[in-house]
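Heads up: the structure comes next, in structure tokens.
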Amino acid sequence: MLSTVTPILDGRLIVKTFVGTRLVDLRLVPVAFGLGTIALTIDFTGRLFGRAASLLAGCAVAVMPWAIYYSRLFFPASEYIFFSLLMVYSGVALVNQHSKWWLLVCCASAAVTIYIYPASIVSTPLLLLATAASYRTLARKLPASTWLWGPLLFLALLVPYAWAHLVHIASGTANVNAVIGSRQLFRSGLPFATEMVHFMRSYFSYFTPSFLLFHGDPDPAQSIQVIGQVGPIITILGVIGIFISIRKIRDPQYLILVMLLLVFPIADALTLQNSIGNSDVAALGVIPWGMLAGIGGARIARWIGELGGRLVSATRPAPANVLHSIGAATHGPSTIKIIALYIVGLFLVAQVSLFAPTYFGPYNDTYASYFESGFTRVASVLAHAGIKINGLPVTIDAGYDRSKMFAYFLDYKVNITSEYQSCQLLPRRVLLYSVAEQIIVIREGRDYGAAAGCVNQLTLIQREIHAFNRSGGNVHVVTLGIFHNDPDQLSGPRYETAVLLLQPGKLRSLTDSKIGG
């Protein structure tokens with residue numbers, strides 16, 4: 000059931016049905032939701048803090064590296080951010096207007112986040128509580144029927160999700176349940192003190208200069224490693240916005256921004272594995288940093304405008320009647336303030352110059368062959384074998400070479416119904432485009448080991464090698480190395496990785512073989 004419902008909610012089915020399944024088609028989904036997030040940020044910030052802050056907030060989200068990475072691939076983080084922001088937006092509108100339509104939008108968007116993004120199981124209730132707590136004075140004035148029907152409607156919308164995960168559990172859903180269960184920090188069996196240290200270290204990793212300014216997510220799949228996830232200009236403006244919000248924290252519109260900033264890392268901090276600066280799990284950080292940067296930028300523009308006005312008044316004394324006119328004009332946007340807003344906006348756009356040259360240049364060449372940070376060992380194995388990876392197609396997880404990545408997600412992930420990668424062998428269509436010598440990197444995760452029907456990593460890898468070897472004698476497989484990969488500080492190696500060299504041959508015949516049996 001979820002294999003039908005989820006693609007409808009996250010946009011995949013619509014694009015596939017009405018547009019197509021090319022790379023550019025699949026990117027329409029995250030790009031469209033990303034643009035929707037920018038528009039919603041502008042409107043939401045404008046209603047709370049005025050037009051100047053709203054325009055700068057929208058600009059900040061548009062140029063923030065953290066948000067840009069999600070539009071590169073089909074990944075539901077863009078949808079997750081949009082619907083989470085829509086949920087908060089409609090929640091604020093609900094407590095102000097008491098409209099049943101805003102109640103419906105709030106409940107529906109909250110339910111959608113649960114369907115499309117596992118981290119929302121934690122983050123969505125926290126965001127709802129943060130919104131209610133920030134606007135608690137207005138929330139108390141809501142009719143009793145709203146407090147009754149709101150939770151009931153939300154739970155009713157989640158009935159299919161609960162049925163699929165708790166009652167009628169398909170094999171694919173069982174795998175997801177196993178992964179979610181295995182990654183919960185406080186079910187790890189570690190000493191409580193160790194768990195708390197891990198939680199605090201994970202939580203505060205999102206506020207370090209390394210994450211915000213200099214390097215970003217440790218995983219190169221979500222960071223070019225030469226600029227932080229937020230970037231220097233947006234971070235500086237955001238910090239100013241934080242100080243302003245703390246000073247005015249008694250006002251609900253400022254309190255909710257502080258709450259959003261404090262809440263977004265919690266879902267990842269409760270995760271045992273890969274939880275240090277994981278921008279995928281904590282994707283919601285885009286929202287508070289963008290809005291806070293808008294507030295900080297607007298305040299700087301206001302300061303510049305006020306300072307410029309004083310300087311003009313001090314250097315060019317005017318007749319009393321003119322002074323009166325100037326005093327009346329200060330109630331509207333001054334020319335100096337407008338110029339200052341443009342200057343701040345230009346500084347935001349200037350941050351792109353620190354990002355774009357690497358993102359559209361060396362980054363593609365450097366990380367086209369491996370995306371996970373632990374895959375640096377793959378490069379050393381290839382170098383030891385005397386193989387230069389420049390210009391040689393490398394497939395990781397059977398699909399991370401750029402063109403093959405999308406073929407992989409299209410033929411395997413997008414159409415998936417009841418089976419997941421680590422519980423079977425390579426899908427038969429992965430090598431559809433392989434016509435030359437190729438390196439195959441197989442990474443099998445142990446996260447799925449608790450699910451029914453799964454086997455251990457080494458067994459899967461041996462079966463995959465055997466599948467290549469029996470492909471009709473057209474391919475000669477050389478195993479260059481098998482090793483542990485991506486070690487986690489608490490739980491040890493997360494993956495078993497194999498590096499295989501497929502010698503030249505009629506690789507097209509693999510598309511006619513049943514790879515993986």
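Here the sequence shown is numbered in numbering that gives the first Met the number 0, starting from 0 and rising by one per residue.
Note that CB positions come from ideal geometry on N, CA and C, so glycine has one too.
Proximity of residue i and residue j at Cβ, strictly below 9 Å
i: Val262; j: Leu283; result: yes
i: Phe81; j: Gly45; result: no
i: Leu236; j: Gly296; result: yes
i: Leu84; j: Phe43; result: yes
i: Ile226; j: Phe354; result: yes
i: Ala51; j: Arg246; result: no
i: Val60; j: Ile286; result: yes
i: Leu271; j: Ser187; result: yes
i: Tyr205; j: Gly276; result: yes
i: His383; j: Leu457; result: no
i: Ile239; j: Tyr253; result: no
i: Ile232; j: Phe153; result: no
For residue i, the three-state DSSP class (helix, strand or coil)
i: Val280; result: coil
i: His483; result: strand
i: Thr458; result: helix
i: Ala497; result: strand
i: Val30; result: helix
i: Gln221; result: helix
i: Thr16; result: helix
i: Val229; result: coil
i: Thr478; result: strand
i: Thr44; result: helix
i: Thr270; result: strand
i: Gln183; result: strand
i: Lys99; result: helix
i: Leu189; result: coil
i: Met63; result: coil
i: Lys247; result: coil
i: Ala38; result: helix
From the options, residue whose alpha carbon lies closest to that of residue i
i: Val111; options: Ser77, Ile67, His475 and Met195; result: Ser77
i: Trp148; options: Val166, Leu184, Leu157 and Leu103; result: Leu103
i: Ile255; options: Leu127, Gly57, His475 and Ile386; result: Leu127
i: Val477; options: Thr458, Glu495, Pro231 and Ile386; result: Ile386
i: Val87; options: Tyr134, Ala51 and Ile233; result: Tyr134
i: Leu291; options: Leu260, Ile226 and Asn95; result: Leu260
i: Thr123; options: Val280, Ile481 and Leu345; result: Val280
i: Gln350; options: Ile303, Val229, Ile243 and Ile294; result: Val229
i: Lys336; options: Ile299, Ser70 and Thr357; result: Ile299
i: Gln96; options: Val62, Leu501 and Lys140; result: Lys140
i: Phe482; options: Leu501, Val377, Gln502 and Leu500; result: Val377
i: Gly344; options: Ala31, Val62, Phe32 and Thr40; result: Val62
i: Trp288; options: Thr357, Cys58 and Ile303; result: Cys58
i: Pro150; options: Gly90, His197 and Arg200; result: Gly90
i: Ala161; options: Thr136, Leu189, Ile113 and Gln183; result: Ile113
i: Arg249; options: Leu27, Ala132 and Thr357; result: Ala132
9 Å Cβ cutoff, residue i in contact with chain D
i: Phe213; result: Looking at the structure shown, chain D is missing, and only one protein chain is on hand.
Would you say the segment 53 to 69 touches the segment 99 to 108, given that touching needs at least three Cβ pairs under 8 Å?
no
Is there contact between the segment 116 to 123 and the segment 263 to 272, where contact requires at least three CB pairs shorter than 8 Å?
With the cut-off at 8 Å, the segment 116 to 123 and the segment 263 to 272 touch.
Going residue by residue through the segment 102 to 171, where are the continuous alpha helix (DSSP H) segments of at least 4 residues, counting only ones entirely within it?
119 to 133, 135 to 138, 143 to 156 and 158 to 161
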